[in-house]
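Quick note: the sequence shown uses our numbering, first residue 3, plus one each step.
Ideal placement from N, C-alpha and C gives every residue a C-beta, glycine not left out.
Note that this is a predicted model, so its numbers are computed, not measured.
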Amino acid sequence: MFFATLCAGCNQPGESLCHRCRFSLAATPSHVDESGIMAALAFEGVARQVVHGLKYRNRRAVAREVARLMVRRLRVRSVDVVTWAPTSGARARRRGYDQAELLARAVAAELKVPCRRLLYRSHGGSQTGHSRAERLRGPSFRARSSHGRLRVLLIDDVVTTGATLTAAREALLQAGVGTVICAAAAATPSALQSMRPARRRTAAIASVASTSTHTPRIPTPSAAETLLTTSSRKAVRPASAPSLARAS
Ligand SMILES: [Zn+2]
Numbered sequence: 003m004f005f006a007t008l009c010a011g012c013n014q015p016g017e018s019l020c021h022r023c024r025f026s027l028a029a030t031p032s033h034v035d036e037s038g039i040m041a042a043l044a045f046e047g048v049a050r051q052v053v054h055g056l057k058y059r060n061r062r063a064v065a066r067e068v069a070r071l072m073v074r075r076l077r078v079r080s081v082d083v084v085t086w087a088p089t090s091g092a093r094a095r096r097r098g099y100d101q102a103e104l105l106a107r108a109v110a111a112e113l114k115v116p117c118r119r120l121l122y123r124s125h126g127g128s129q130t131g132h133s134r135a136e137r138l139r140g141p142s143f144r145a146r147s148s149h150g151r152l153r154v155l156l157i158d159d160v161v162t163t164g165a166t167l168t169a170a171r172e173a174l175l176q177a178g179v180g181t182v183i184c185a186a187a188a189a190t191p192s193a194l195q196s197m198r199p200a201r202r203r204t205a206a207i208a209s210v211a212s213t214s215t216h217t218p219r220i221p222t223p224s225a226a227e228t229l230l231t232t233s234s235r236k237a238v239r240p241a242s243a244p245s246l247a248r249a250s
């Protein structure tokens, strides 16, 4: 027998994620930090291999597996749109794709809601290889302006310090988004030190809502439509897009 697919967790031929690795991922709790950032997995062992797999091999199939796991474990419901914290342009170009976007699209497909690019990097580059102090400052983002009180699910692949998701969330809130729920596939062991096991979904959501600068409420259909219509226009570039919010 010849298998073209290898398990992203253990490299055994067969499925993109074998039963044993799936079981191993299910054994650790998901985590949430005090600002409401959630992570479905601890970035170690099998989970680390799987998230690396998302970055470097079998990426579509693994993104679907990880997205399914995130949606199930983080119990994210009733969001209007899914977006992602974009990787620095140079990194994404080198790799040929942005793994955070890949994950966000798979999560959106699971939730059956639209996935839209709402964020652009202003500067700050990649977080990898920077000192902890530099990483704590984080990158900065600009967001498309939003006129509705949308409920946005913001996705990233790995939480290292939380600075990336925090900066991205802030840009979205300043651009007029109603509520931002932050979810990552995994958190590094050092990030986990300032997180606690997420026992219940309500605690995480309530925590996010309490740190938002806007009162969350259900968006009107027209508000959601406005954003989705404008954001689906093609070829909107950060340098020339008049609809982008000045987040700073
Ligand atoms: Zn496996």
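According to DSSP, residues forming a beta bridge with residue i
i           : result
residue 85  : 156
residue 183 : 155
residue 188 : 43, 160
residue 117 : 84
residue 1   : No answer is possible for residue 1: it lies beyond the span of the chain, which begins at 3 and ends at 250.
residue 8   : 15
Residue of the options minimising C-alpha distance to residue i
i           : options           : result
residue 78  : 48, 115, 54       : 115
residue 158 : 108, 16, 63, 28   : 108
residue 11  : 175, 193, 49      : 49
residue 62  : 102, 42, 198, 76  : 102
residue 255 : 153, 59, 191      : With the chain covering 3 to 250 only, the question about residue 255 has no answer from this structure.
residue 86  : 151, 21, 163, 110 : 110
residue 200 : 44, 13, 141, 9    : 44
residue 24  : 193, 58, 75, 160  : 75
residue 143 : 161, 167, 29, 151 : 167
residue 193 : 59, 46, 28, 71    : 46
residue 96  : 80, 58, 122, 118  : 58
residue 191 : 117, 163, 183     : 163
residue 71  : 28, 40, 38, 151   : 28
residue 196 : 80, 81, 20, 40    : 40
residue 198 : 38, 16, 80        : 38
residue 160 : 123, 151, 100     : 100
residue 81  : 150, 13, 124, 8   : 150
residue 123 : 148, 98, 94, 117  : 94
Cβ-Cβ separation, residue j to residue i (assumed contact under 8 angstroms), whole Å
i           : j           : result
residue 171 : residue 156 : 6 angstroms
residue 112 : residue 83  : Actually they do not touch by this definition, with Cβ atoms about 14 angstroms apart.
residue 67  : residue 26  : With 8 angstroms as the limit, residue 67 and residue 26 do not qualify as a contact, their Cβ atoms being about 13 angstroms apart.
residue 65  : residue 120 : Contact flag wrong, Cβ pair sits at about 19 angstroms.
residue 42  : residue 187 : 6 angstroms
residue 141 : residue 185 : No, residue 141 and residue 185 are not in contact; Cβ-Cβ is about 18 angstroms, not under 8 angstroms.
Residue range of the alpha helix (DSSP H) that includes residue i
i           : result
residue 26  : 21-28
residue 177 : From DSSP, residue 177 is part of no alpha helix (DSSP H); its letter is neither H nor E.
residue 150 : From DSSP, residue 150 is part of no alpha helix (DSSP H); its letter is neither H nor E.
residue 98  : Counting along the chain, residue 98 falls outside any alpha helix (DSSP H), and DSSP gives it neither H nor E.
residue 77  : Run containing residue 77: none; DSSP gives neither H nor E here.
Element boundaries [beta strand (DSSP E), containing residue i]
i           : result
residue 34  : 33-35
residue 198 : 197-199
Inter-stretch contact at 8 angstroms, needing at least 3 Cβ pairs: the stretch 21-40 / the stretch 173-181: no
At least 3 beta-carbon pairs within less than 8 angstroms: the stretch 82-93 vs the stretch 39-57: no
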